[in-house]
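Undergrad: Attaching a single structure in structure tokens format; questions to follow.
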Amino acid sequence: MMQKIYDWIDERVDITPLWRDIADHEVPEHVNPAHHFSAFVYCFGGLTFFVTVIQILSGMFLTMYYVPDIENAWKSVYYLQTEVAHGQIVRGMHHWGASVVIVMLFLHTLRVFFQGAYKKPRELNWMVGVSIFFIMLALGLTGYLLPWDNKAYFATQVTLNIAGDLPYIGDFAKTLLAGDPEIVGAQTLTRFFAIHVFFLPAALFALMGAHFILIRKQGISGPL
Amino acid sequence: MSEKKKQVSRRQFLNYTLTGVGGFMAAGMLAPMVRFAIDPVLQTRERGGFSAVVDVDELTNEPQRFDWQIDQVDAWYESKVTRSAWVYKKEDGTIMALSPICTHLGCVVSWQGNDDYPDQFYCPCHGGRYTKEGVNIPNTPPPAPLALYEQKEEEGTLFLGKAIPREGA
Amino acid sequence: MKKGKGMQFVGDSRITANKQKFIPKDYSEYPGKTEAFWPNFLLKEWLVGAVFLVGFLSLTMAHPAPLEKMADPTDAAYIPLPDWYFLFLYQLLKYQFASGPYFIMGAVVIPGLAFGGLFLAPFLDNGTKRRPFHRPIATSLMLLGLVSVIWLTWEAAEHVDWEVRAEQNKPVLEEAVEIDKEDPGYEVYSSQACINCHGDNLQGGAAAPSLIGIDRSAEEIMDIAKNGTGSMPAGQFEGSDEELQQLAEFIVSANKEE
Chain A
31 MMQKIYDWID
41 ERVDITPLWR
51 DIADHEVPEH
61 VNPAHHFSAF
71 VYCFGGLTFF
81 VTVIQILSGM
91 FLTMYYVPDI
101 ENAWKSVYYL
111 QTEVAHGQIV
121 RGMHHWGASV
131 VIVMLFLHTL
141 RVFFQGAYKK
151 PRELNWMVGV
161 SIFFIMLALG
171 LTGYLLPWDN
181 KAYFATQVTL
191 NIAGDLPYIG
201 DFAKTLLAGD
211 PEIVGAQTLT
221 RFFAIHVFFL
231 PAALFALMGA
241 HFILIRKQGI
251 SGPL
Chain B
71 MSEKKKQVSR
81 RQFLNYTLTG
91 VGGFMAAGML
101 APMVRFAIDP
111 VLQTRERGGF
121 SAVVDVDELT
131 NEPQRFDWQI
141 DQVDAWYESK
151 VTRSAWVYKK
161 EDGTIMALSP
171 ICTHLGCVVS
181 WQGNDDYPDQ
191 FYCPCHGGRY
201 TKEGVNIPNT
211 PPPAPLALYE
221 QKEEEGTLFL
231 GKAIPREGA
Chain C
2 MKKGKGMQFV
12 GDSRITANKQ
22 KFIPKDYSEY
32 PGKTEAFWPN
42 FLLKEWLVGA
52 VFLVGFLSLT
62 MAHPAPLEKM
72 ADPTDAAYIP
82 LPDWYFLFLY
92 QLLKYQFASG
102 PYFIMGAVVI
112 PGLAFGGLFL
122 APFLDNGTKR
132 RPFHRPIATS
142 LMLLGLVSVI
152 WLTWEAAEHV
162 DWEVRAEQNK
172 PVLEEAVEID
182 KEDPGYEVYS
192 SQACINCHGD
202 NLQGGAAAPS
212 LIGIDRSAEE
222 IMDIAKNGTG
232 SMPAGQFEGS
242 DEELQQLAEF
252 IVSANKEE
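Protein chains in written order, with the working numbering: chain A, 31 to 254; chain B, 71 to 239; chain C, 2 to 259.
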């Protein structure tokens with residue numbers, strides 16, 4: 031049955047090459063920890079992706095309870111963490127995942143850097159990767175405010191003050207981010223929420239797609 | 071060929087293991103999240119308490135509308151919600167406390183709400199009608215009688231609880 | 002022709018008329034022991050992933066995600082702190098060469114150079130050599146950056162007493178604590194100066210902390226009411242000893258209720 035459905039679709043849109051290209055490509059010896067244990071350094075990219083998947087899923091589920099509103103944000107987080115079954119774990123996954131993903135990205139970046147894997151022809155993919163790093167940091171920064179507790183509020187206030195002290199664009203940047211030139215409050219929270227769950231993930235998906243397509247196109251860098 | 075079929079090739083074995091490990095990862099990741107998401111379905115709610123509504127002495131044979139407030143806890147949001155009931159005493163002294171919510175589409179019915187139909191509950195939205203017992207009158211839109219409140223009487227005061235829906239007539 | 006102008010299509014669509022069988026690529030480039038991505042290599046990756054997931058889930062169960070008190074913009078005593086991966090920037094802005102008139106240095110120039118350099122690394126280090134020892138400038142700059150980030154993070158984290166911080170900022174759900182305003186202690190609380198700073202529900206205010214969620218004995222509270230502590234001046238309490246006792250017992254009882 032499944033085979034027939036597959037064949038029916040494949041006959042029309044020719045999907046086989048899409049997954050065969052991914053499934054059948056040969057993985058060279060030098061990245062395989064079974065042959066050289068030191069090749070475990072090649073795991074960090076994959077683990078980054080895995081944690082990103084965890085982040086996306088747990089984030090989706092958290093928004094079932096969370097409200098981005100200064101009156102209720104903290105209460106809803108407190109509620110989902112203390113009253114809802116497994117709320118502590120799901121929020122814990124999102125919270126600790128944010129840290130772990132930075133660690134993994136960091137290690138992945140170091141691996142690529144010290145192996146000189148960013149050299150021609152992979153310059154473009156390196157820049158895409160560094161952009162992903164920046165997006166992740168921005169996700170961490172915006173997500174930090176969302177529980178609306180003291181540490182979130184005061185850390186964001188400092189961040190916004192730093193943005194406000196920038197030359198020329200300072201006031202503009204601060205108002206754009208905070209929604210108000212003076213107050214860190216209702217509009218700041220909704221803006222950070224929108225940036226955290228819509229704008230940055232959209233950019234992240236696009237960049238990750240580009241990252242993976244480039245890896246498949248160019249193959250993994252050869253052994254040192 | 072048929073003998074070969076029974077043997078599991080290395081590739082098949084790896085495929086099965088891969089599916090197993092993948093399943094384990096997906097389950098480990100999703101199990102807490104799914105349980106988290108379906109929590110409202112599984113939560114056992116306390117049966118709502120009773121609220122004092124009116125002195126039994128005030129009740130007559132004619133349905134009267136009484137309003138009272140209950141504390142509603144909606145996760146992190148607590149609020150006061152107004153409930154109302156049409157209450158009267160039957161001939162035999164038992165008390166009827168009917169929910170005013172029309173069983174058709176949820177409008178609010180009122181006693182003798184239409185001059186054409188005295189001694190009936192009338193719903194202005196689609197002309198639904200109920201008898202004094204709250205039973206829907208055939209050939210009007212409502213599919214079921216008005217819900218009946220759980221009730222108890224203590225020291226001359228009527229307490230009402232939740233509205234229990236009744237089967238269609 | 003498979004590609005180019007001679008390509009044949011079904012009708013007007015983009016689907017080629019003669020479907021080509023998938024031909025695996027030639028991997029003679031890598032003569033070593035290669036293996037197929039699916040299922041051989043992916044299985045190894047997923048085994049690592051599964052072990053990682055178990056460790057990660059254990060972490061989330063052992064350490065609940067921290068949540069502090071609800072944001073209180075009037076809490077002047079709070080010392081802000083960013084998440085750990087921004088601590089190095091936070092620390093950088095403390096130094097003289099990166100703050101005050103040189104703020105631009107710390108906020109824009111130094112991070113800009115570091116991250117800009119990272120972004121453009123392939124063009125700055127454009128030789129063909131890949132081994133770290135064959136490109137000493139790139140390697141040493143990266144090591145320098147690495148050491149400074151780790152050192153700055155360490156410097157910032159060292160000055161924070163994490164346990165005290167976590168203890169002070171434990172979340173309190175306001176509704177959980179009910180203040181018994183009939184208590185004779187509350188009478189004392191509101192007739193003395195306490196209520197002016199600590200609020201009518203012991204919730205604290207701009208000048209004073211909340212009296213809920215504190216861990217002090219009645220004796221300590223009596224001492225503080227008379228002699229002050231921190232920014233609270235001495236001599237705030239001017240009642241009798243009996244009233245003082247009532248006040249202290251009231252505050253202790255308000256903290257016990259839950």
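Glycine is no exception: its CB is placed at the ideal position from the N, C-alpha and C atoms.
The alpha helix (DSSP H) spanning C:Met233 covers which residue range?
TA: In the third sequence, counting from the first residue as 1, residue 233 of chain C sits at position 232. No alpha helix (DSSP H) contains C:Met233, which DSSP labels as neither H nor E.
Undergrad: Applying a beta-carbon distance threshold of less than 7 angstroms, which residues of chain B neighbour C:Gly50?
TA: Within the third sequence, numbered from 1, the residue matching residue 50 of chain C stands at position 49. Result: Met95.
Undergrad: Could you have a look at B:Thr152 and say whether DSSP puts it in helix, strand or coil?
TA: On the second sequence, residue 152 of chain B is found 82 positions in, with the first residue counted as 1. Note: B:Thr152 maps to strand in three-state DSSP.
Undergrad: If you measure from the beta carbon of B:Tyr86 to each beta carbon in chain A, is any gap under 7 angstroms?
TA: Against the second sequence, residue 86 of chain B aligns to sequence position 16. Judged by the 7 angstroms Cβ criterion, B:Tyr86 is not in contact with chain A.
Undergrad: Only counting the same chain, and skipping five residues up and downstream in sequence, which positions put a Cβ closer than 6 angstroms to that of C:Lys227?
TA: Here residue 227 of chain C refers to the residue found at position 226 when the third sequence is read from its first residue. Once the five neighbours on either side are set aside, the close Cβ partners of C:Lys227 are Phe238.
Undergrad: For a cutoff of 7 angstroms on Cβ pairs, would you count B:Val241 as touching chain C?
TA: The requested residue 241 of chain B is not part of the displayed model; chain B covers only 71 to 239.
Undergrad: Using a cut-off of 7 angstroms between C-beta atoms, extract the partners of B:Phe106 located in chain A.
TA: Here the question's residue 106 of chain B lines up with position 36 in the second sequence. Those within 7 angstroms of B:Phe106 in chain A are Phe91, Val114, Ala115, His116, Gly117 and Val120.
Undergrad: Using beta carbons (cut-off 7 angstroms, strictly below), is B:Met71 in contact with chain C?
TA: Counting from one through the second sequence, the residue named residue 71 of chain B turns up at place 1. Note that B:Met71 scores 43 on pLDDT, short of 50, meaning its location in the model is unreliable; the coordinates nonetheless yield the value given after this. No, because no Cβ of chain C sits closer than 7 angstroms to the Cβ of B:Met71.
Undergrad: Given A:Ile86, which residues of its chain have a CB within under 8 angstroms of its CB, disregarding the five upstream and five downstream residues?
TA: Translated into the one-based positions of the first sequence, residue 86 of chain A becomes position 56. Closer than 8 angstroms at Cβ, skipping near neighbours: Pro231.
Undergrad: Going by the CB atoms, is the gap between B:Thr227 and B:Ala122 shorter than 7 angstroms?
TA: Against the second sequence, residue 122 of chain B aligns to sequence position 52. Against the second sequence, residue 227 of chain B aligns to sequence position 157. Cβ distance < 7 angstroms, so B:Ala122 and B:Thr227 count as in contact.
Undergrad: Restricting to Cα atoms, I'd like to know which of B:Arg105, B:Ser149 and B:Thr201 is closest to A:Gly117.
TA: Numbered from its first residue, the first sequence carries residue 117 of chain A at position 87. Among B:Arg105, B:Ser149 and B:Thr201, the Cα nearest to that of A:Gly117 is on B:Arg105.
Undergrad: Of all the options B:Asp144, B:Tyr158, B:Gly92 and B:Leu168, which has the alpha carbon lying nearest to the alpha carbon of A:Glu113?
TA: Locating residue 113 of chain A in the first sequence gives position 83, where the first residue counts as 1. It is B:Asp144.
Undergrad: Residues of chain B with CB under 7 angstroms from A:Tyr109, in chain order?
TA: Mapped onto the first sequence, residue 109 of chain A falls at position 79. Simply Ala145 and Trp146.
Undergrad: For C:Phe154, I'd like the list of residues in its chain whose CB is within less than 6 angstroms of its CB, leaving aside the five on either flank, ordered along the chain.
TA: Reading the third sequence from its first residue, position 153 is the one you call residue 154 of chain C. Note on identity: in this sequence residue 154 of chain C is Thr, with Phe being the wrong assignment. So the list reads Leu88 and Phe89, once near-sequence residues are dropped.
Undergrad: Considering B:Ile165, what are the terminal residues of the beta strand (DSSP E) in which it resides?
TA: As a position in the second sequence, residue 165 of chain B is number 95, starting the count at 1. Where B:Ile165 is concerned, the enclosing beta strand (DSSP E) stretches over Ile165 to Leu168.
Undergrad: Any idea which residues DSSP pairs B:Arg199 with across the strands?
TA: Taking the second sequence and counting its residues from 1, one reaches residue 199 of chain B at position 129. In DSSP, B:Arg199 forms a bridge with B:Tyr192.
Undergrad: Mind checking who B:Gly158 pairs with in its DSSP beta bridge?
TA: For this step, residue 158 of chain B is matched to residue 88 along the second sequence. First, the residue type needs correcting, since residue 158 of chain B is Tyr and not Gly in the sequence shown. Looking at the DSSP assignment, B:Tyr158 forms a beta bridge with B:Met166.
Undergrad: Below 7 angstroms on C-beta distance, what does A:Gln145 contact in chain C?
TA: Counting from 1 along the first sequence, the entry for residue 145 of chain A is found at position 115. Neighbours of A:Gln145 on chain C, chain order: Arg131.
Undergrad: Between the C-alpha atoms of C:Gln247 and C:Tyr190, what's the straight-line distance to the nearest angstrom?
TA: Residue 247 of chain C sits at position 246 when you count from the first residue of the third sequence. Residue 190 of chain C sits at position 189 when you count from the first residue of the third sequence. Rounded to whole angstroms, C:Gln247 to C:Tyr190 spans 9 angstroms at the Cα level.
Undergrad: Have a look at C:Ala122, C:Pro133, C:Arg132 and C:Arg131 and flag the residue whose alpha-carbon is nearest the alpha-carbon of A:Ser161.
TA: Sequence index remark: in the first sequence, residue 161 of chain A carries index 131 (1-based). Taking only the C-alpha atoms, the option nearest A:Ser161 is C:Ala122.
Undergrad: Tell me which same chain residues have a C-beta within less than 8 angstroms of the C-beta of C:Ser254, skipping the five on either side of it?
TA: Here residue 254 of chain C refers to the residue found at position 253 of the third sequence. Closer than 8 angstroms at Cβ, skipping near neighbours: Asp181, Asp184 and Gly186.
Undergrad: With distance defined between alpha-carbon atoms, name the residue in A:Ile100, A:Val130 and A:Glu59 nearest to C:Leu60.
TA: To locate residue 60 of chain C, count along the third sequence from 1; it is residue 59. Checking every option, the nearest Cα to that of C:Leu60 belongs to A:Val130.
Undergrad: Could you list which residues in chain C have their beta carbon closer than 9 angstroms to that of B:Arg81, in chain order?
TA: Mapped onto the second sequence, residue 81 of chain B falls at position 11. Near B:Arg81 (Cβ distances below 9 angstroms), the residues of chain C are Ala37, Pro40 and Asn41.
Undergrad: Note down, in chain order, every chain B residue with its Cβ under 9 angstroms from the Cβ of A:Ile84.
TA: For the purposes of this step, residue 84 of chain A is identified with residue 54 of the first sequence, where counting begins at 1. Under the 9 angstroms cutoff, chain B gives Met99.
Undergrad: Could you have a look at C:Thr129 and say whether DSSP puts it in helix, strand or coil?
TA: Residue mapping note: residue 129 of chain C aligns to position 128 of the third sequence, counting from 1. Note: C:Thr129 maps to coil in three-state DSSP.
Undergrad: Out of C:Leu119, C:Arg132 and C:Arg166, state which residue places its alpha-carbon closest to the alpha-carbon of C:Leu147.
TA: As a position in the third sequence, residue 147 of chain C is number 146, starting the count at 1. Checked all of C:Leu119, C:Arg132 and C:Arg166; the closest Cα to C:Leu147 is C:Leu119.
Undergrad: Taking Cβ positions only, does A:Ile132 come closer than 7 angstroms to chain C?
TA: Taking the first sequence and counting its residues from 1, the one referred to as residue 132 of chain A is at position 102. A:Ile132 counts as touching chain C.
Undergrad: Residues of chain A with CB under 8 angstroms from B:Pro240, in chain order?
TA: Past the edges of chain B, shown from 71 to 239, lies residue 240 of chain B, and the structure says nothing about it.
Undergrad: Can you tell me the Cα-Cα spacing of A:Phe91 and A:Ile119, whole angstroms?
TA: Position 61 of the first sequence holds residue 91 of chain A. Position 89 of the first sequence holds residue 119 of chain A. Approximately 12 angstroms between the Cα atoms of the pair.
Undergrad: Which chain A residues sit within Cβ distance under 9 angstroms of C:Asn170?
TA: Residue numbering aside, residue 170 of chain C sits at position 169 when the third sequence is read from its first letter. The contacting residues are Asp179, Asn180 and Lys181.
Undergrad: State the Cα-Cα distance for the pair B:Ala167 and B:Thr210, rounded to the nearest angstrom.
TA: Here residue 167 of chain B is taken as the residue at index 97 of the second sequence, counted from 1. Here residue 210 of chain B is taken as the residue at index 140 of the second sequence, counted from 1. Their Cα atoms are separated by approximately 22 angstroms.
Undergrad: Would you decide whether B:Tyr200 is buried or exposed? Buried here means 16 or more other CB atoms lie within 10 Å of its CB.
TA: Taking the first residue of the second sequence as 1, we reach residue 200 of chain B at position 130. B:Tyr200 should be labelled buried.
Undergrad: Near A:Asp40, what residues of its chain come up, given a Cβ to Cβ distance below 6 angstroms and the 5 sequence neighbours on each side ignored?
TA: For the purposes of this step, residue 40 of chain A is taken as residue 10 along the first sequence, with counting starting at 1. Cβ within range, chain order: Thr46.
Undergrad: Are any of the Cβ atoms in chain C nearer than 7 angstroms to that of A:Tyr198?
TA: As a first step, residue 198 of chain A must be located in the first sequence, where it is residue number 168. No - not a single Cβ of chain C is within 7 angstroms of the one on A:Tyr198.
Undergrad: I need the DSSP call for A:Ile250, collapsed to helix, strand or coil.
TA: For the purposes of this step, residue 250 of chain A is taken as residue 220 along the first sequence, with counting starting at 1. Residue state, collapsed to three classes: coil.
Undergrad: Just the C-alpha distance for A:Glu153 and A:His138, rounded to the nearest angstrom, thanks.
TA: Residue mapping note: residue 153 of chain A aligns to position 123 of the first sequence, counting from 1. Residue mapping note: residue 138 of chain A aligns to position 108 of the first sequence, counting from 1. Each residue's alpha carbon lies about 16 angstroms from the other.
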